[in-house]
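Below: the structure, in structure tokens.
2 protein chains.
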Amino acid sequence: MPEDSTAEGPTGAALLAACSALANPHRLRILGALADGRQYVSLLARQLGMSRPLLHMHLQKLQAAGLVRGELELSEDGRAVKYFEAVPFALEITPQVVKASLPTLPETAERTDHDEKETEQ
Amino acid sequence: MPEDSTAEGPTGAALLAACSALANPHRLRILGALADGRQYVSLLARQLGMSRPLLHMHLQKLQAAGLVRGELELSEDGRAVKYFEAVPFALEITPQVVKASLPTLPETAERTDHDEKETEQ
DNA sequence: ATATCGTGTAAGAAAAACCTTACATATGAA
DNA sequence: TTCATATGTAAGGTTTTTCTTACACGATAT
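Set out below in structure tokens:
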């Protein structure tokens, strides 16, 4: 068996955050647009044909998930410009990876394994 | 460069469906529970501590995304029992994979590239 | 001063997702 | 028949996400 039991997987929280961030067509386009180069918000909004506040919101979600990174800079002519770039992540998801991530999934009250008397099939 | 340009990636629709299906803690638990063996709905609901109608709904979403598969069987004693199992998928997601999937992402009107006069930085 | 460019964010409507309760069916056993 | 098991699903409310509109600030250029 070619299994490498030391292969690190994402935490449940990280996996959930990443998948949630990717579960939207706009955010997929945004991430795709940043795949081969950084860009600043206003221009990116025009390129993608969406409003700037909307793009801002989606970028926040992508950044919170760690898929994208932003940096505020001052351009030559003095204006504040915020550039975003894709984080070079590589997320491999399989049923086993999901299973392995569960212990670190916060959410909805851990199964407290009290009243479970012979619930086996 | 170890790049294999013929490495197939998921379609935009498939990627979006998969990520949407995984963007929920209950569904992560469900998939994790099915990772090493099939199970039928009612028992799975008890094991996961959730209502059967709720589990049913989540299983539908997982199945629609192709991450899980269900089969209705008749047990020895004649009762109809529906077993679900995890599909052995392996989804690798990177910014480049996302970018490559965009042409096959339906949703929100393809950028029709008309009025784009020198929008370059 | 005013216009233009960049930034951020708050308020509220609209849409989608989530979840519970309730009902309906079928089978086997007491 | 009645109870227990399994299945599926519709109706309705709650919660979350999504999106627009509107406002605010700062700097440069006219």
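Protein sequence lines, in the order shown, are assigned to chains A and B.
Start counting the first sequence at 46; every next residue gets the next number (this note's numbering).
Start counting the second sequence at 46; every next residue gets the next number (this note's numbering).
We put the CB at the ideal spot given by N, CA and C, even for glycine.
The alpha helix (DSSP H) enclosing residue i, as first and last residue numbers
i	result
A:V132	From DSSP, A:V132 is part of no alpha helix (DSSP H); its letter is neither H nor E.
A:L150	No alpha helix (DSSP H) holds A:L150; DSSP gives it neither H nor E.
B:L98	Inspection of the sequence shows that residue 98 of chain B is occupied by Pro rather than by Leu. It spans 97-109 - the alpha helix (DSSP H) in which B:P98 sits, taken as one unbroken run.
Per-residue contacts from residue i into chain B (C-beta, under 7 angstroms)
i	result
A:Q141	A80
A:S87	The contacting residues do not exist; A:S87 stays about 10 angstroms from chain B at best.
Residue i, DSSP secondary structure in three states
i	result
B:A66	helix
A:L114	Here the sequence assigns Arg to residue 114 of chain A, which means Leu is not the residue at that position. It is a strand residue.
B:T157	Only weak support is given to the placement of B:T157: the predicted model assigns it a pLDDT of 42, under 50, and the value that follows is read from those uncertain coordinates. Note: B:T157 maps to coil in three-state DSSP.
B:A58	helix
A:A52	coil
A:G77	helix
A:E165	Bear in mind that a pLDDT of 38 at A:E165, under 50, signals an unreliable position, so the number given afterwards is only what the model happens to contain. Reduced to three states, the DSSP call for A:E165 is coil.
Chain A contact residues for residue i, given Cβ-Cβ distances below 7 angstroms
i	result
B:A131	P140
B:G57	L73
B:G77	V143, K144, L147
Partners in chain A for residue i, counting only beta-carbon separations shorter than 8 angstroms
i	result
B:R74	L147, L150
Where residue i meets chain B, residues with beta-carbon distance less than 9 angstroms
i	result
A:E137	A135, L136, E137, I138
Residue range of the unbroken beta strand (DSSP E) whose run includes residue i
i	result
B:E137	136-138
Bridge partners - residue i, DSSP secondary structure assignment
i	result
B:L119	B:A125
A:Q84	A:F129
Neighbouring residues, chain A, relative to residue i (Cβ below 9 angstroms)
i	result
B:L61	L67, A68, N69, P70, L73
Against chain B: residues of the region 101-112 of chain A by CB proximity under 9 angstroms: If the cut-off is 9 angstroms between Cβ atoms, the region 101-112 of chain A has L112 near chain B.
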